[in-house]
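Down below is the structure, laid out as structure tokens.
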Amino acid sequence: MPTHAGTPLIEARDLTRVYRRPRTSLARQGEAVHALREVSLTVRRGERFGIVGESGSGKSTLLRLLCALDQPTSGSIRFDGQEITGRPERALKFLRHSLQIVFQDPMSSLDPRMRVRDLVAEPLVALGEPIGGRVTELLEEVGLPASAADRYPHQFSGGQRQRIAIARALAPRPKVLVADEPVSALDVSVRGQILNLLADLVDELGLTLVFVSHDLSVVRHVCETVAVMNNGSIVETGPVDEVWAAPEHPYTRTLLQAVPTLEGLL
Amino acid sequence: MLSVEGLTVRADAVELVREVSFDIAPGERVGLIGESGSGKSLTALSLMGLLPEGVRASGTARLGERELVGVPEGRLKDLRGREVSMVFQEPMTALNPLMRVGAQVAEVMTLHGRSRAEARARAVELLGRVRLPRPEQLARSYPHQLSGGQRQRVMLAIALANEPGLLICDEPTTALDVTVQKQMLELIAEVAPALLFITHDLAVVAAVCERVLVMYGGRVVESGPIREVFARPRHRYTEGLLAASKLTPRGTRLPTIKGSVPAAGRFPDGCVFRNRCPYASEKCQTEPALTGDGHAYACWHPAD
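Protein chains in written order, with my numbering: chain F, 414 to 679; chain A, -18 to 285.
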């Protein structure tokens, strides 16, 4: 854990993102869609921060902005004290170093024609860093044998592919790992393995974790803090145990009641 | 009502589903749970006669007086959508994007011999029955104008159109948001005549069904009343799956099942779970039979 643990690492202020629908008439502009409305959040160093919402809540838009894969219509994001909005890609190299993403579906996020060795090394190549023995080291960190390096993604199961995606994300030694629904596409019996692995890595490497999910119970297992999104806004945020035990916003309550559980039965 | 016996599905030499047997009584809701590759969808597709090219089913499945397995396509066309119907996971790909939804609901009725006018009127009625708002207007919209939950309700209306004796749902809510899922599950439980409900989600199956079949490696490894199976699993796979489904408090390790689900045809012989089972012994090289009255399991070293 870095010594300045607890200081803000990501600070987003009043983020708004408006998309335009394609125009349907020559006379009028396409309709405006407010995907994000004045969203603010702070992720502290070493924190495990969860973002929960259903489809259309704006969680993916928010994530894209935090990773500087998209620009907000208005608002600002400071990463480690530096403004990241409005910068050209070449001025974002520090962010690409410090923040890496694991996507939901390891089948579509890994190029099927690349060997695992090249997939894992690619971020280093892109950032112009030496590779050395890093691939083997990374594969070991995520619990894959060194022999995996010479194989292709399709030769692995879903859970193993997600391990490859995690190894790839860890390659440039990031400070922040952003995980977008990393276990939603996995079978239940494998889900636990990946969640355990993420928890271990975050601990061992002193990472900050931003974890996006539609499932509040998964977020509760993984994160300390949660932000609940609905309709482009954060409707409730706070320590996950408090939100879970005593949700304040009506939407959070609806969400909690809707989640089917086994508890009543067992 | 439905009686399946010794259902086996193969693709060439690879056995994908082996000797599956179960019954569904009228009005009963039965869940079929399993992870990907367990053979649960193939089991359902063979009841519908919708297996992909090169995949064949053998054994018997009788729905009332009629046989569903190994029947020529001509006869199946009569049964499908009338005696048995199915709701699939992805309502966007199951609906025709170029056809108004009312016409799609009506089509399944005209195909089975109703007049067009009658079918149209009944289509609107059905859309109302699956609790879609303003069904007359909604019948004139196209699938892309509806939300995911609404589309899935349209699929359900199509499935119920000819009042089938058996409804099969294959992961009908997996693509939906949780708040929408809840309403959809309540609706399915309410309208289904007799139900075979396929899912990988244990909590979902518990919300809808009375009885459950647990599949792994193409076999039913455990079956019984849902409360009993979930409260007191006997097969080590069911036990592991239930443990893995519970999310323990933060900072604790989640229980896991070691390894991953093998690819089709790569399951060990004898007990299909033995290469991942912490209790496996030499005995497990022989295949255990599914035994037990009511609550049955196929395991040499059952949990107590």
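A virtual CB, placed ideally from N, CA and C, is assigned to each residue, including glycine.
Based on DSSP bridge pairs, tell me the residues matched to residue 638 of chain F. F:462 and F:652
Measuring alpha carbon to alpha carbon, tell me which of A:11, A:49 and A:20 ends up nearest residue -5 of chain A. A:20
How would you call residue 568 of chain F, buried or exposed, if buried means at least 16 neighbouring beta carbons within 10 angstroms? exposed
Please identify, using Cβ separations under 9 Å, the residues of the stretch 222 to 235 of chain A that lie next to chain F, in order along the chain. Listed by position, the residues of the stretch 222 to 235 of chain A near chain F (Cβ gap below 9 Å) are 222, 223, 224, 225, 226, 227, 228, 229, 230, 231, 232, 233, 234 and 235.
Contact under 7 Å by Cβ, residue 98 of chain A with residue 108 of chain A: no
Could you tell me whether the stretch 556 to 574 of chain F touches the stretch 478 to 487 of chain F, where touching means 3 or more Cβ pairs closer than 8 Å? no
Would you verify that the beta carbon of residue -3 of chain A is, or is not, closer than 7 Å to some beta carbon of chain F? no
Give me, in chain order, the residues of the same chain whose beta-carbon lies closer than 8 Å to that of residue 420 of chain F; leave out the 5 immediate sequence neighbours on both sides. 457 and 458
Minimum Cβ-Cβ distance from residue 548 of chain F to chain A less than 7 Å: no
Would residue 241 of chain A and residue 572 of chain F be called neighbours here (beta carbons separated by less than 7 Å)? yes
Do residue 193 of chain A and residue 179 of chain A count as a contact pair if the criterion is CB distance below 7 Å? Their beta carbons are not under 7 Å apart, which means residue 179 of chain A does not touch residue 193 of chain A by this criterion.
Under 9 Å Cβ-Cβ, which residues of chain F neighbour residue 276 of chain A? In chain order: nothing, as chain F lies at least about 15 Å away.
Nearest-angstrom Cα separation, counted from residue 122 of chain A out to residue 578 of chain F: 41 Å
Contiguous alpha helix (DSSP H) assignments of at least 4 residues, all confined to the stretch 418 to 493 of chain F: 472 to 479
Just the C-alpha distance for residue 449 of chain F and residue 477 of chain F, rounded to the nearest angstrom, thanks. 11 Å
Nearest-angstrom Cα separation, counted from residue 111 of chain A out to residue -14 of chain A: 33 Å
Looking only at its own chain, which residues have a Cβ that is under 6 Å from the Cβ of residue 424 of chain F, when we skip the five neighbours before and after it? 455 and 491
Thinking C-alpha only, which one of A:251, A:139 and A:159 is nearest residue 202 of chain A? A:251
Taking the beta carbon of residue 163 of chain A as the centre, do at least 16 other beta carbons fall within 10 Å, making it buried, or is it exposed? Under a 10 Å Cβ-count criterion, residue 163 of chain A is classified as buried, with 16 or more other Cβ atoms of the shown protein chains found around its own Cβ.
Does the Cβ-Cβ distance between residue 634 of chain F and residue 231 of chain A come in under 7 Å? yes
Restricting to Cα atoms, I'd like to know which of A:69, A:101 and A:235 is closest to residue 601 of chain F. A:235
Could you check the C-alpha separation between residue 248 of chain A and residue -11 of chain A for me, to the nearest Å? 16 Å
Within 7 Å of chain F by C-beta, residues of the stretch 166 to 184 of chain A in sequence order: Along the stretch 166 to 184 of chain A, the positions whose C-beta sits under 7 Å from a C-beta of chain F are 181, 183 and 184, read in chain order.
Taking Cβ-Cβ distances below 8 Å as the criterion, which residues of the stretch 188 to 200 of chain A are in contact with chain F? Here the close residues are 188.
Any beta strand (DSSP E) of 3 or more consecutive residues that is wholly inside the stretch 86 to 154 of chain A: 147 to 151
Identify every residue that forms a DSSP beta bridge with residue 235 of chain A. Residue 235 of chain A is not bridged to any residue.
Can you tell me whether DSSP reads residue 513 of chain F as helix, strand or coil? strand
If I follow the unbroken alpha helix (DSSP H) through residue 527 of chain F, where does it start and stop? Note, residue 527 of chain F: premise wrong, no alpha helix (DSSP H); not H, not E.
Within a Cβ cutoff of 7 Å, which residues of the same chain sit near residue 663 of chain F, ignoring the five residues on either side of it in sequence? Counting only Cβ-Cβ distances below 7 Å, and skipping sequence neighbours, we find nothing.
Can you give me the C-alpha to C-alpha distance between residue 435 of chain F and residue 676 of chain F, rounded to a whole angstrom? 46 Å
Cutoff 7 Å: residue 625 of chain F Cβ touching any chain A Cβ: no
Can you round the beta-carbon distance between residue 660 of chain F and residue 666 of chain F to whole angstroms, since I take them to be within the 8 Å contact cut? 5 Å
Quick test of the definition: if touching needs 3 or more C-beta pairs under 8 Å, does the stretch 542 to 553 of chain F touch the stretch 595 to 613 of chain F? no
What does the Cβ neighbour count give for residue 152 of chain A, buried or exposed, with the cut at 16 atoms within 10 Å? buried
Looking at residue 72 of chain A and residue 136 of chain A, is the spacing between their C-beta atoms short of 7 Å? yes
What is the DSSP secondary structure of residue 165 of chain A, reduced to helix, strand or coil? helix
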